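Below is one structure, written out as structure tokens, with a few remarks after it.
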Amino acid sequence: TFSPSEGTPQLTINRDATIDLDSSNAFEGPEKLLEVWFAPSPKDLPIGAKENGLKSVSAETWTGMLDLVNCKVLSTIESEHVDAYLLSE
Amino acid sequence: SSMFVFPHKLILKTCGTTTLLLGLRRMLRIAAIHAGFPAQGCNSVEEVKTAAKPYRVFYSRKNFLFPEKQQGPHRSWKDEVKYLDDMFLNGSAYMTPDAEKPITETKVLNIPHGSVDGDGVQGPDETLEILMTDLEPNNARQFYLDHAVAAAESKYAKTALEARKRAENGLGELSRVNSSVSGTTAGSTNTDETFDVFSHTSSDHNGGLVTPDDEISFPEELCTEGHALGTVVSEGCGLSDVYPTSKYPDARTKQALPHIYFTVHVTPEPQCSYASFETNVPGCQTGRETADVIEHVVDIFKPGRFSVTLFESKTNSAEGRELTLLGNSASAMKTAGAARLRSSRMENIPGYRRVDRIVHDFDGYDLVFRYYERR
Chain W
3 TFSPSEGTPQ
13 LTINRDATID
23 LDSSNAFEGP
33 EKLLEVWFAP
43 SPKDLPIGAK
53 ENGLKSVSAE
63 TWTGMLDLVN
73 CKVLSTIESE
83 HVDAYLLSE
Chain X
995 SSMFVFPHKL
1005 ILKTCGTTTL
1015 LLGLRRMLRI
1025 AAIHAGFPAQ
1035 GCNSVEEVKT
1045 AAKPYRVFYS
1055 RKNFLFPEKQ
1065 QGPHRSWKDE
1075 VKYLDDMFLN
1085 GSAYMTPDAE
1095 KPITETKVLN
1105 IPHGSVDGDG
1115 VQGPDETLEI
1125 LMTDLEPNNA
1135 RQFYLDHAVA
1145 AAESKYAKTA
1155 LEARKRAENG
1165 LGELSRVNSS
1175 VSGTTAGSTN
1185 TDETFDVFSH
1195 TSSDHNGGLV
1205 TPDDEISFPE
1215 ELCTEGHALG
1225 TVVSEGCGLS
1235 DVYPTSKYPD
1245 ARTKQALPHI
1255 YFTVHVTPEP
1265 QCSYASFETN
1275 VPGCQTGRET
1285 ADVIEHVVDI
1295 FKPGRFSVTL
1305 FESKTNSAEG
1315 RELTLLGNSA
1325 SAMKTAGAAR
1335 LRSSRMENIP
1345 GYRRVDRIVH
1355 DFDGYDLVFR
1365 YYERR
């Protein structure tokens, strides 16, 4: 994990997941896109939701969900407002 | 594939033969158990009791190139719709441009949540998605590993040469290569990762200074690290310039700055060439920016065909603003005019013929689909 200063997004790379990556055969590029909202905005989280909402969920917990999707996490960027995950089948 | 986790929503976009919908139930359970979102109402099914009730669900995909390879509910659009219908009520499914010649299937579910969907969204909200096929082969080559390595070596050599010249001029400094993370970018569009190019022991050199006699070694991680090479490609092909720091953030982007993203997925091989670009960076109110972004991205890949889907809140869209004219408000007419200008520019992408345009009217949102073919 690299984090040069406060407030700078943190990058974590999962190098083990990239060793045998191979897309030499024909690959289905078109994606499935799912967007699930639980509130109209980050400032309108319902009563009972944790302060950071979905961002309070650990990466390990999301990994379990992604296993069902058949995706591995290649790297993550964590920032104050959004966490971004680079994934691969 | 990529996933963006905001406090209030999650975006998951996966390619290949991934089973995206099979993760949805777990996602709702996670939202309830780990994030504290309210669970669904009384229900005899235990699984549903511990699942959060979503505010809105949106699912879409382009026609698969190899549908027979898909698994689970993704074997057909019919199965996907049924899967979602079994979980949620009040959903609507669409095919664009139409069921006879579908290019993109879309299912939108507005879950009744006790509040008006459109009013609940704060500020302008829009998502632009460009899906491209039949990429021009020379442009697609930029995304091959050997091409990326060659580009990285060229860039490194140039940087090293410049550093050597500075050293020869007596300036003597340790060179650093700054790279921005490519592919997915979270939060701000400027995310910098800095890593050392040179490594010298202090016993051999003067505190790490580069001297004219130094032997320059090409770091192995720059040759094999997909992320670093992706950065090189992103800069070389122009993706990093889609939102140049000289212009962004503009006033409107600043309002949404913490929550903006863009993501690019590329499959460059000729037998299945494909690229997608998705962003929620709002188009400028001058009526130019969205079309500029489309032209910029399309010019990078030069596809034979592509579709543009603009999903935006009614307070934002040209179609939505038409409705405000009913009040004869001067400001409404002005903003509606700007929105119409923006919309009309998207009808004319250089080098392409706009073949189809479809508008879907949802609660609080408009979805405008356009399909283009190379002239």
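Residue numbers (our numbering), protein chains in the order written: chain W, 3 to 91; chain X, 995 to 1369. Beta carbons are placed, not taken as given, at the ideal position from N, Cα and C, and that holds for glycine. The model shown is predicted, which means the values in this text are computed figures rather than measured ones.
I want to see whether chain W comes within less than 8 Å of R1369/X, judged by CB atoms only; does it?
no
Helix, strand or coil for G1201/X? Go by DSSP, reduced to three states.
Because G1201/X carries a pLDDT of 33, less than 50, the predicted location of this residue cannot be relied on, and the following value inherits that uncertainty. Looking at G1201/X - three-state DSSP - the assignment turns out to be coil, as it is neither helix nor strand.
Report the option in F1082/X, G1066/X, E1263/X whose CA atom is closest to the CA atom of Y1049/X.
F1082/X
Mind pulling the chain W residues with CB within less than 8 Å of T1253/X?
First, the residue type needs correcting, since residue 1253/X is His and not Thr in the sequence shown. Correct list: P44, H83, V84.
Please name the residue or residues paired with G55/W in a DSSP beta bridge.
DSSP, once it has assigned bridges, lists no residue as partnering G55/W.
Whole-angstrom Cβ separation of E30/W and T1011/X, contact assumed at under 8 Å?
6 Å
Use the C-beta contact count for G50/W: other C-beta atoms within 10 angstroms, 16 or more gives buried, fewer gives exposed.
exposed
With a threshold of 16 other CB atoms inside 10 Å of the CB of Y1138/X, please say whether the residue is buried or exposed.
exposed
Who are the neighbours of A41/W on chain X, taking C-beta pairs under 7 Å?
H1002, Y1049
Does the structure place the segment 1118-1135 of chain X close enough to the segment 1268-1279 of chain X that three or more beta carbon pairs sit under 8 Å?
yes
Scan the segment 50-74 of chain W for residues whose Cβ lies nearer than 8 Å to a Cβ of chain X and list them as they occur along the chain.
G50, A51, K52, N54, G55, L56, K57, S58, V59, S60, T63, W64, G66, M67, L68, L70, V71, N72, C73
Start and end of the beta strand (DSSP E) containing R1348/X?
1346-1356
Would you verify that the beta carbon of G1108/X is, or is not, closer than 8 Å to some beta carbon of chain W?
Because G1108/X sits at a pLDDT of 38, beneath the cut-off of 50, its placement in the model cannot be relied upon, and the point is left open.
Is it a yes or a no for the segment 39-53 of chain W touching the segment 1063-1079 of chain X, going by three-plus beta-carbon pairs under 8 Å?
no
According to DSSP, is L1059/X helix, strand or coil?
coil
Taking the beta carbon of A1144/X as the centre, do at least 16 other beta carbons fall within 10 Å, making it buried, or is it exposed?
exposed
Among the residues of its own chain, which have a CB less than 6 Å from the CB of V1110/X, if the five just before and after it don't count?
Its pLDDT being 35, under 50, V1110/X is placed unreliably in this model, and the value from its coordinates should be taken loosely. Answer for V1110/X: no residue qualifies.
Which same chain residues, not among the five before or five after S77/W, have their C-beta less than 8 Å away from its C-beta?
L13, T14, I15, N16, Y87, L88
Can a CB atom of chain W be found closer than 8 Å to the CB of F1300/X?
no
Going by other Cβ atoms of all chains shown within 10 Å of its Cβ, with 16 needed for buried, is N1342/X buried or exposed?
exposed
Return the bridge partner residues of Q1136/X from the DSSP annotation.
DSSP output for Q1136/X lists no bridge partner at all.
Which residues bound the beta strand (DSSP E) around S1301/X?
1297-1307
Is L47/W helix, strand or coil when you go by DSSP?
coil
What is the DSSP secondary structure of A1087/X, counted as helix, strand or coil?
strand
Would you mind reading off the limits of the beta strand (DSSP E) that contains E82/W?
Unbroken run through E82/W: none, as it is neither H nor E.
If we ignore side chains and look at the alpha-carbon of each, how far apart do T1303/X and R1351/X end up?
10 Å
Does the separation of the CB atoms of L56/W and F1000/X fall below 8 Å?
yes
Is the Cβ of M1021/X closer than 8 Å to any Cβ of chain W?
yes
Do you know how far the Cα of C1231/X is from the Cα of H1002/X?
34 Å
Taking Cβ positions only, does T1261/X come closer than 8 Å to chain W?
yes
If you compare alpha carbons, which of S1228/X, R1055/X, M997/X, L1015/X is closest to A1142/X?
S1228/X
Taking 8 Å as the CB-CB cut-off, is H1290/X touching chain W?
no
So is R1055/X buried or exposed if we call it buried at 16+ other beta carbons inside 10 Å?
buried
Which value, in whole angstroms, describes the spacing of the CA atoms of G1085/X and P11/W?
36 Å
E1156/X: buried (16+ other C-beta within 10 angstroms of its C-beta) or exposed?
exposed
When we look at the beta-carbon of V1349/X and count the other beta-carbons within 10 Å, is it buried (16 or more) or exposed?
exposed
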